[in-house]
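Below: one structure, written as structure tokens.
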Amino acid sequence: MDRKILSVQGVDYKYAGSGWQLNSTSFSVAKGEIVGIIGPNGSGKSTLLKIASGVITPDSGSVFLQEKDIAKMKRREIAKILGYFPQNAAGHFDYSVQEVVAMGRFPHLSGAGFLSPNDMDVVGQCLVRAEVEQYRERYLSHLSGGERQRVLLASVLAQEPKVLLLDEPTSALDMQHQVKFFTLLTELVEEGMGVGVVTHDLNLASFYSHRVLLLKDGKIIEEGSPKEILTQGILEDAYGDGVTVIPHPTTDLPIVLPRTGLGAWKAKAS
Amino acid sequence: MAGYGLLSVVVLAGAPFFGSERLGIANITNALFSHIPHVDADIFFYHRIPRVLLAFLVGGSLAVAGSSLQVVLRNPLAEPFILGISGAGAVGAVIIISVPGLSIYFGPFFSVQLFSLLGCILCVGAIYWLARSPLGVSMTTILLAGVTVNILCGAAILMIRYIVSPHLLVAMDRWMMGGLDVVGYRELSALLPLLLPGLLLLFLQGQALNQLAFGEEMAMGHGVNVASVQKQVFLGTGLATAAAVSLAGPIGFVGLIIPHAVRRLSGVDHRVVLPASFCLGGAFLTICDLFARTVVAPTEMPVGIITAIIGGPVFFRILLKRNRNM
């Protein structure tokens, strides 16, 4: 119980003017674990993450961050404990990489918002950790989508949070950087952080999560280890019959493949 | 930043010495240090200095207000008057001009100033009320509400102009063109209680504005109370703009263009942009006012005309020279 950093308890949320809703959903993130949050499009993954990070307020239910009700905390207090990596962050001015990462120090600043040497040290370390040190003078608009996502991670890490909530953080990364990104997350949880990550890549969820939550239609329908959840039966139930699950040749973790396409079908038939 | 500071000091120190009347520096220093009265000293201390101070404060405030609003409203065309403040101020001024019997002083304020101030504050109050609505009003709604207020006020002004006797129209037009003619320090000091808290409120938002410019969700994740920053910016720009408009009329261009010029020249870090806008806006309006009171001496041009005539080409130059950071 005391290892839980973040605990979401029975939250409901309804978008005004739409029939869709998130139904009394509960989950928690503990120290030292990566929780993979998966589910088909429109299943409520992002909504759940926004509620958990306090960006939107649930209609009912509550969110506890280190056993404090998030509704009663100031944004700055929340940001010192919880780092939120939104799905799309694009500003209308162009900042340099270093400026963006320095923005992560906001919860620790006061007054007109200038950084102390200690703040600059943290920014420097985060630039190195997210492997964007070499771009520090470059402008965000001059970076590729993948480089930008790593800059955003560095910016969130600069908050020095205890729990990270990431919404599709590797959607624009190549395979090598996806692996590096999740390896970094693994290192962070080994240092005691808790991570909740929404991803569409079921294999990354399988290889790197300690626990997996499967959402469908605004509800968590399954929760457990990747081996328990990523099975042919459960995934077909959530995603329809477009997937094939096979075991990994060396680790025995589940691998999820899309079902073979039309061309292959024809080749097989002939 | 040092460059902006230096520019401000040079402009503030130099501008009072220029004008339609050539002043003897010896006469001024004699009056100051040896108490020998001289008309040159009176002009210098009671006309030139207050006027230069007013121009600098008004220009600086409008530029800072514009910088902040462009971020909060997420619109590069935002400027202090887009929230309807100038329109409401103009209605107040026009109403009082249309009743010549009311051209009197209320405390430190001339009736026109007082009523335009009331109009502005009414408008600021309405926007603030809208912004703090618990339902969560979008910035687009506030922008549209401001534009609507301006259109309504425009219609009200046309109606008043249609009704009143024609010789009053000159006074109304003159107010609408904007002007910085003050005598002494009375109005100036009466408006400081409005202007200074407004500016201070805005200057404290530098880092938060950077965060907002980078995206609202990211800003919230970083610990910015987005709703509160928006409210504070509306209140701050409202107070500063109300003070500026009621004293100097709706002087256009400064609040829209100076922030863009600063971002082109010095980047988009609002901890720098805000003070730099204040310096550049202040210096720019002071120089424009210098032209306004010298080019057609012994009479004067409305400064609102000069800001666009000088500022337009200068801004084009900046626009074409550097194409980064936007």
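One line per chain: the protein sequences are A and B, in this order. Each residue of the first sequence is one higher than the last, beginning at 59 in the numbering used here. Each residue of the second sequence is one higher than the last, beginning at 12 in the numbering used here. Even glycine gets a Cβ: it sits at the ideal position worked out from N, Cα and C. Since the structure is predicted, the reported quantities are computational estimates derived from the model, not experimental observations.
9 Å Cβ cutoff met for residue i and residue j
{"i": "B/GLY260", "j": "B/TYR57", "result": "no"}
{"i": "A/LEU243", "j": "A/VAL255", "result": "yes"}
{"i": "A/VAL301", "j": "A/GLY94", "result": "no"}
{"i": "B/LEU246", "j": "B/VAL135", "result": "yes"}
{"i": "B/ILE253", "j": "B/GLY118", "result": "According to the sequence displayed, residue 253 of chain B carries Ala and not Ile. Cβ atoms of B/ALA253 and B/GLY118: not closer than 9 Å."}
{"i": "A/ARG133", "j": "A/PRO165", "result": "yes"}
{"i": "A/VAL209", "j": "A/LEU223", "result": "no"}
{"i": "A/GLY276", "j": "A/ASN81", "result": "yes"}
{"i": "B/GLY95", "j": "B/GLY157", "result": "yes"}
{"i": "B/VAL275", "j": "B/ILE329", "result": "Looking at the sequence provided, one finds Arg at residue 275 of chain B rather than Val. For B/ARG275 and B/ILE329, yes; Cβs fall inside 9 Å."}
{"i": "A/GLU202", "j": "A/GLN145", "result": "First, the amino acid is wrong: residue 202 of chain A is Ser here, not Glu. No, the pair does not count as a contact, with Cβ atoms beyond the cut-off."}
{"i": "B/SER31", "j": "B/PRO208", "result": "no"}
{"i": "B/THR305", "j": "B/PHE29", "result": "yes"}
{"i": "A/GLY119", "j": "A/SER84", "result": "yes"}
{"i": "B/VAL34", "j": "B/PHE55", "result": "The residue you asked about is not Val; residue 34 of chain B is Leu in the sequence shown. Yes, these two residues count as a Cβ contact at 9 Å."}
{"i": "B/LEU210", "j": "B/VAL22", "result": "no"}
Own chain, CB closer than 6 Å to residue i, minus 5 neighbours either side, in chain order
{"i": "B/VAL175", "result": "SER109"}
{"i": "B/ALA224", "result": "VAL82"}
{"i": "A/ALA212", "result": "VAL159, CYS184, LEU185, ALA188 and VAL190"}
{"i": "A/VAL221", "result": "ILE63, LEU64, VAL87, LEU140 and GLY252"}
{"i": "A/ILE114", "result": "LYS108"}
{"i": "A/TYR297", "result": "PRO98"}
{"i": "B/HIS281", "result": "GLY217, LEU220 and ASN221"}
Strand pairing of residue i, partner residues [DSSP]
{"i": "A/ALA88", "result": "A/LYS62"}
{"i": "A/GLN67", "result": "A/SER120"}
{"i": "A/LYS274", "result": "A/LYS277"}
{"i": "B/ASP192", "result": "None; B/ASP192 has no bridge partner."}
{"i": "B/GLY315", "result": "The partner list for B/GLY315 (beta bridge, DSSP) is empty, contrary to what the question assumes."}
{"i": "A/LYS126", "result": "A/LEU123"}
{"i": "A/LYS72", "result": "A/GLN79"}
{"i": "A/ILE304", "result": "A/ILE313"}
{"i": "A/GLY254", "result": "A/VAL93 and A/LEU223"}
{"i": "A/ARG269", "result": "A/VAL93"}
{"i": "B/PHE121", "result": "B/TYR116"}
{"i": "A/PHE143", "result": "A/LEU224"}
C-beta neighbour in chain A for residue i, strict 9 Å
{"i": "B/PHE225", "result": "yes"}
{"i": "B/ALA272", "result": "no"}
{"i": "B/MET229", "result": "yes"}
{"i": "B/HIS233", "result": "yes"}
{"i": "B/ARG335", "result": "Unreliable positioning characterises B/ARG335 in this predicted model, as indicated by a pLDDT of 48, which lies under 50. A coordinate reading is not provided."}
{"i": "B/ALA254", "result": "no"}
{"i": "B/PRO313", "result": "no"}
{"i": "B/PHE302", "result": "no"}
{"i": "B/PRO87", "result": "yes"}
{"i": "B/ARG275", "result": "no"}
{"i": "B/VAL279", "result": "yes"}
{"i": "B/ALA219", "result": "yes"}
{"i": "B/ARG282", "result": "yes"}
Cβ-based neighbour list, residue i, same chain, cut-off 8 Å, excluding 5 preceding and 5 following
{"i": "A/LEU173", "result": "ALA160, ARG163, LEU167 and VAL181"}
{"i": "A/GLU248", "result": "GLY90"}
{"i": "B/PHE326", "result": "ILE268, HIS271 and ALA272"}
{"i": "B/LYS242", "result": "TYR139, ALA142 and ARG143"}
{"i": "A/LYS130", "result": "none"}
CB contact below 9 Å: residue i versus chain B
{"i": "A/PHE164", "result": "yes"}
{"i": "A/LEU64", "result": "no"}
{"i": "A/LEU167", "result": "yes"}
{"i": "A/MET59", "result": "Per-residue confidence for A/MET59 stands at a pLDDT of 45, beneath the threshold of 50, marking its modelled position as unreliable; no derived number is given."}
{"i": "A/SER174", "result": "no"}
{"i": "A/VAL237", "result": "no"}
{"i": "A/ARG133", "result": "yes"}
{"i": "A/PHE151", "result": "yes"}
{"i": "A/LYS126", "result": "no"}
{"i": "A/LEU210", "result": "yes"}
{"i": "A/LEU106", "result": "no"}
{"i": "A/SER76", "result": "no"}
{"i": "A/LYS72", "result": "no"}
{"i": "A/LEU315", "result": "no"}
Own chain residues within Cβ distance below 7 Å of residue i, not counting five before or after
{"i": "B/GLN124", "result": "GLU198, SER257 and LEU258"}
{"i": "A/GLY136", "result": "It should be pointed out that residue 136 of chain A corresponds to Ile in this sequence rather than to Gly. Around A/ILE136: GLY112, LEU123 and ILE128."}
{"i": "B/ALA99", "result": "GLY130, CYS131, LEU133, CYS134, VAL160 and CYS164"}
{"i": "A/ALA88", "result": "ARG61, LYS62, ILE63 and GLY252"}
{"i": "A/GLY204", "result": "ALA230, LEU231, ASP232 and HIS235"}
{"i": "A/PRO284", "result": "ALA263, SER264, SER267, VAL270, LEU311 and PRO312"}
{"i": "B/ASN38", "result": "HIS49, ASP51 and ALA52"}
Exercise for the section: Say whether the region 33-48 of chain B touches the region 228-235 of chain B, bearing in mind that this needs 3 or more beta-carbon pairs closer than 8 Å, one atom from each stretch. Expected result: no
Exercise for the section: Decide yes or no for the touch test of the region 68-76 of chain B against the region 285-295 of chain B: beta carbon pairs closer than 8 Å, at least 3 of them. Expected result: yes
Problem - the region 203-215 of chain B contacting the region 177-186 of chain B, beta-carbon criterion three pairs below 8 Å - result: no
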